[in-house]
Every structure is written in structure tokens, then in C-alpha cells.
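The sequence shown begins at 34 in the working numbering and counts up by one. Positions of the beta carbon are idealized from the N, C-alpha and C atoms, including for glycine. This report concerns only the one structure given below.
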Amino acid sequence: MRQATPADAGTVGALLHDFNVEFETPTPSAAEFATRFARLLEGPNVVVLLSEQAEEATGFAYFTLRPTPYYDGPLAQLEELYVRPDLRDQGIGTALLTTAVERFTSQGVGEIHINVDEIDTDTRRFYERHGFVNIEPGEDYRMLCYIREL
């Protein structure tokens with residue numbers, strides 16, 4: 034498990050492209066993603082963790098960080114977490130998420146946000162198993178995410 038650098042942009046771009054193709058989501062090409070990640074990974078507000086076996090990428094977790102008045106440190110948004118299909122159920126996703134939580138805790142990040150499709154029950158269970166909730170303590174209603182493409 035290691036943090037990606039701009040030199041890893043091609044690897045991260047290919048993994049994100051594979052993720053979108055697998056789930057039949059419209060996607061830029063792997064090369065376009067690589068170009069964008071090369072730029073994004075230079076800044077302080079993007080963190081990509083790569084999992085590897087025998088120097089081959091097995092998955093990644095892509096986070097953005099943003100300031101918030103609710104904490105002294107930033108808020109982290111998990112943008113994507115992907116493990117190659119042939120390697121799932123081996124603890125790689127757990128290792129990526131656990132590593133991120135540990136690092137962000139030690140760096141003063143106040144909160145991690147994750148958006149999940151309601152019908153994706155396996156993914157929701159995965160995050161819930163790791164302590165993430167969609168109902169705030171003391172409330173009886175779920176939090177929702179709304180988006181508008183511009």
C-alpha cells in the first residue's frame with residue numbers, strides 16, 4: 034500500500050477506466066484520465082492510495098480533500114475505490130480503506146464522506162462494516178447526496 038505520485042498517473046487512469054467500463058458508466062479514455070491524474074497528483078488536495086502485488090497495481094482509493102469550518106483539518110471525500118475483479122474478497126478494499134482512515138486520522142482530517150448508489154447493497158454493507166453511516170446519531174432519517182452536472 035502506497036500513495037500514488039504523478040508518475041503513477043497512467044496506472045491510476047487505467048484502473049479508473051477499467052472501473053467505469055466494468056460498471057457500464059460513460060468514461061473518458063484511460064489516457065485522458067492519466068493526463069488529468071498527472072496534474073491532480075501534483076497538488077495537496079488529491080490523495081490516491083495504490084495497492085500492489087508483485088509491483089502490479091491491484092486497486093486504488095482516490096480521495097479529495099477540502100477545507101471545512103467544522104474541523105481544524107480538512108474533510109476527505111472518497112471519490113472512487115476499486116479493486117480488480119479477479120482479486121476481490123481478499124481484503125484489498127479493506128486495506129485501502131483502513132490505510133486511508135489511519136493516515137487521515139493522524140493528519141487531522143475531520144471526516145470522510147462517501148457516496149454510494151442506494152441499490153449497491155454490497156458496497157453499502159462494506160462501508161457500514163467499516164464504521165461509515167448514512168444516518169447521523171440521534172436522527173431517524175438517511176442522508177442523501179444530490180448532484181447536478183454542469
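Checklist line | I152 classed as buried or exposed, judged by whether at least 16 other C-beta atoms fall within 10 angstroms | finding: The residue you call residue 152 lines up with position 119 of the sequence shown. Its Cβ having fewer than 16 others within 10 Å, I152 is exposed.
Check: Is the segment 90 to 97 touching the segment 105 to 118 in the sense that three or more CB pairs, one from each, lie closer than 8 Å?
Finding: Enough Cβ pairs lie closer than 8 Å, so yes.
Next item on the list: Provide the residue(s) that pair with Q86 in DSSP beta bridges, ordered along the chain.
Entry: Numbered from 1 along the sequence shown, position 53 holds the residue referred to as residue 86. Beta-bridge pairing links Q86 to E89.
Checklist line | Neighbourhood of V54 by C-beta distance below 8 Å, restricted to the same chain and skipping five residues each side | finding: Within the sequence shown, numbered from 1, the residue matching residue 54 stands at position 21. Non-local C-beta neighbours of V54 in its own chain, meaning closer than 8 Å and more than five positions away in sequence, comprise T60, ordered along the chain.
Checklist line | Burial state of V166 (16 or more Cβ within 10 Å) | finding: Translated into the one-based positions of the sequence shown, residue 166 becomes position 133. With a threshold of 16 other beta carbon atoms within 10 Å, V166 falls short and is exposed.
Checklist line | Residues bridged to H146 [DSSP beta-bridge criterion] | finding: Residue mapping note: residue 146 aligns to position 113 of the sequence shown, counting from 1. For H146, which the question treats as bridged, DSSP gives the partners Q110.
Next item on the list: For E75, collect the residues of the same chain with a Cβ closer than 7 Å to its Cβ; drop the 5 residues on either side in sequence, then sort them by chain order.
Entry: Start at 1 with the first residue of the sequence shown, and residue 75 comes out as number 42. Excluding positions up to five away in sequence, the list reads P39.
Checklist line | Buried/exposed call for D155, threshold 16 Cβ in 10 Å | finding: If you number the sequence shown from 1, residue 155 lands on position 122. Burial call: exposed.
Next item on the list: For F52, I'd like the list of residues in its chain whose CB is within less than 7 Å of its CB, leaving aside the five on either flank, ordered along the chain.
Entry: Here residue 52 refers to the residue found at position 19 of the sequence shown. Here the set comprises E113, Y115.
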